[in-house]
Amino acid sequence: MLTEIRSARGRNGVWTVEEYQNPADYEKAIATTGYGLFNILMLLAALPVGWTCVLDTTITAFFIQSTECDFELTLFRRGVAVGIVYIGMIIAGPLWDFIFQDCAISSFSGKRNVIIFGLVLDSICNILWAHATSYYSFVMYKFLNGILIAGPLSLLMPYLSEFHAPTYQQTFTNWASLLFVISNIFPPALASVFILRTHWLNFTIFNYFYETWRVYVLICTIPSIMGAIMVCLMPKSPKYLLTQGESKEALRVLKTMYSMNFFESASSFKIKTLVARQKMRNSLKNICRESLQDSISKLKMLFSQAYSRVFLILLALQFTSMLGFNTMRLWVPQLFITLNNFRVLVRSFNPDKTITMCEMLFPRIQADVDYSSCNYTLMPDVESAVYVNSTIIASSAVIFGFLFTVMTTTLMKKIIIIVMSFMISTIGSFGANWAVEIPYILALCSSIIVTSRIAGNIIIAYNAEVTPQNLRPTATKSINFMGNVGAAVGNIVFSTVLGLNCLTAFMGIGCLTLLCYVLSFYLLKKPIEEIKPDVEKYTANGEFS
C-alpha cells in the first residue's frame, strides 16, 4: 500500500478516516506509472540505437563486391572484412556485460550517457570507415565499430527496462526486439538503390571521389547520429537518479511518466515522496571489482552440476545457430551475384549439362584476378534481383522468427521448433550443392538463414524459462556471447574453406547443424533440477545468505 489508513471514532460518534502518505521505493513508484504513451515514445526514440547495432554488423555484405578491386579482396580477406566487427564485439562484449555495465549503473556516468558517448564515437568511426583508402584501414575501422557498439548494445535494454515495471518488461522486450530486428530488411533494400551500377550518385567533394558504396555507408551512418540525438532527449532513469540521491528529480520523471500514460495531471500522482537510496561512495575500482566477482560467482553457478548440462547445450546450439544465420546471411548476396553471373555468361554454352552449385562457383573462386586493371574471369555485374531476394529473405527471417517466438508458449513447443529448425538447416546445407537449378539452390541457402534465426530466438526464450531468475541475465549474456563467437568464426572459416574446397564449406555447416539437431533431443530431459533452498538464498553479490 502506498498510504497508511487509520480510522477512529470522534467525540460526536462519527467515524473518520485519516490517510498518511508513506514514502515509496522505486519498485512501487514505477509500478504506479503504468504503461502507455510514454513507454511507446521511449521505444520509438530508441529505434535508431537498435538499428545502428544491426546495421553495423550487416551492411558490409551488401557492398563488399564493389570494393573488390580497391582492396584486392581474396575470399579470406572478404571473410575477415565481414566478420571483423564480431571480433570487436567478442572482445568488448564481456567487459560491458559483466563489468562496465554495473560501473555505469553505480554513480559515475549512468547508462544514458554511456550510450550517447558510444553512439557518437560509432558515428565518427563509420564516417572514417567510408573514407578508408586501404584494406587494412577498412578492417581497422570496422573492428573499432564492433568495440564501440558493444557498449550501447549491452546497455540499451537495461536502460529502457528501468522505465518499466516488471509486469510490462517482457511485453516491452518482445516488441522492442521485433522493431530492432526489422532493420535487417533495410541494408539489402538500400543496396538495391545505391549499390547497383548507378553513376548518378557518384560525386566529388574537395577532389575526393565518392563511389556509390561510400555514399551507402554514409547513409547507413544516419541512424547512429539520430540515435545519439534521441537518447540526449530521453530522461535519466529514475532508478539511476535515486542511486544518486536525487529523489526530487526522480519523482519529477515518474510524474511525467504517469501523466503521459494515464493522460492525467502530474499533480494527481499519488506518490509524493520517494525513498532515496544511499549514494554510492565506493571508488570505481572497487565497484568494478565487485561486479567482476559477482559475475564470476554466477558463472560458477551456471557451470555447476545443477545447471551445466542445459547451459552447455544452449551455448552449443546458439553458437551453431548464429554461425549458420550470420555466415549465410552475409555470404548469400555474394553467392547470388556469382551464380547470376554464371547464368548470364556461362550457362548458355551448356544449357543441358547438370552442373552443381560448387561447379558454378568454381570459375569465380579460381579466377586469376588482375586488380590493377580489374579484369577477371566473371565480371561482377549485379542485378536488382540479387538485393530483392536478400530483402525477401531478411523479411522472412524477421517475421517467422518473431511469430514462432510468440507462438511457442510451452517448453515442449520450444524444443520441437528448435529440433525442426536444425533439421531443416541440415537439409539445406547438405542439399544446396546438388539442387542444380539456381532457384532451388537459393531456396535451400535461404532456409538455413530463416531457420537459424528462428532457432536463435527460441533458444533465448527457452533459457528465460528454465534458468533461475537471479542467474538469467548472466546466462543470456553468455549465450549471446557464444552467438557472436559463432558469427565471427563462421565468416572467417567459411571464406577460408570456400577457397580451398567449396563442398567442404557447406558440408561443414551441415555437420554442425546435424550435431545440434541431435543435441536438441537432450533438452527433452528434465531441464534443470528443482532450485534448492541454498540456491534461492543466492544473493546478487554472489554470496549465500
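First residue of the sequence shown: -13, per our numbering; consecutive thereafter.
From the three backbone atoms N, C-alpha and C, an ideal C-beta is built for every residue, glycine too.
Computed from a prediction, not measured in an experiment: that's the story for all the values here.
A direct Cα-to-Cα measurement between residue 462 and residue 468 gives close to 10 Å. Shortest Cα-Cα distance from residue 323 to any of 295, 297, 276 and 376 involves 376. Using a Cβ distance threshold of 9 Å, residue 481 and residue 61 count as a contacting pair. Looking at the backbone, the Cα of residue 320 and that of residue 416 are separated by about 19 Å. Residue 10 sits in a strand when the DSSP states are folded into three classes. Residue environment for residue 200: buried (at least 16 other C-beta atoms within 10 angstroms of its C-beta).
The way I'd put it, the region 113 to 125 doesn't touch the region 483 to 503; fewer than three beta-carbon pairs between them come closer than 8 Å.
By the neighbour-count criterion, in which 16 or more other beta carbons inside 10 Å mark a residue as buried, residue 138 falls on the buried side. Residue range 194 to 196 is occupied by the beta strand (DSSP E) that includes residue 196.
Here residue 307 has 438, 441, 442 and 445 as same chain residues with Cβ atoms under 7 Å from its own Cβ, once five neighbours each way along the sequence are excluded.
Contact between the region 283 to 295 and the region 20 to 28 is absent: fewer than three C-beta pairs spanning the two stretches fall below 8 Å.
The bridge partners DSSP lists for residue 260 are 10. In this structure, residue 327 and residue 372 do not form a Cβ contact; the two beta carbons are roughly 10 Å apart against a cut-off of 8 Å. Contact between residue 142 and residue 32 holds, since their C-beta atoms are separated by about 6 Å, short of 8 Å.
By the neighbour-count definition (other C-beta atoms within 10 Å, threshold 16), residue 148 is a buried residue. In the structure shown, residue 181 falls within a coil segment according to DSSP collapsed to helix, strand and coil. The beta carbons of residue 69 and residue 473 sit closer together than 9 Å. Residues of the same chain with their beta carbon placed closer than 6 Å to that of residue 282 are lacking, with the five preceding and five following residues left out of the count. For the 9 Å CB-CB criterion, residue 112 and residue 210 form a contact.
Annotation: residue 170 to residue 73 spans about 20 Å, alpha carbon to alpha carbon.
DSSP places residue 217 inside the alpha helix (DSSP H), whose first and last residues are 208 to 219.
Residue pairing of residue 191 in beta bridges, as defined by DSSP: 194. Contact between the region 8 to 21 and the region 37 to 53 is absent: fewer than three C-beta pairs spanning the two stretches fall below 8 Å. Our two residues, residue 398 and residue 151, have alpha carbons roughly 29 Å apart in a direct line. When secondary structure is reduced to three states using DSSP, residue 422 falls in the coil class, being assigned neither helix nor strand. In this chain, residue 232 is not harboured by any alpha helix (DSSP H), its DSSP state being neither H nor E. Between residue 318 and residue 431 the beta-carbon gap is near 5 Å, inside 8 Å, which marks them as a contact. Following the DSSP letters along the chain, one finds residue 222 in no alpha helix (DSSP H), marked with neither H nor E. Around the CB of residue 460, 16 or more other CB atoms lie within 10 Å, so the residue is classed as buried. About 6 Å separates the CB atoms of residue 284 and residue 457; that is less than 8 Å, so the two are in contact. Judged by their CB atoms, residue 506 and residue 303 are nearer to each other than the 9 Å cut-off. Counting along the chain, the unbroken alpha helix (DSSP H) around residue 108 starts and ends at 96 to 116.
According to the DSSP assignment, residue 41 belongs to the alpha helix (DSSP H) that extends over 23 to 44.
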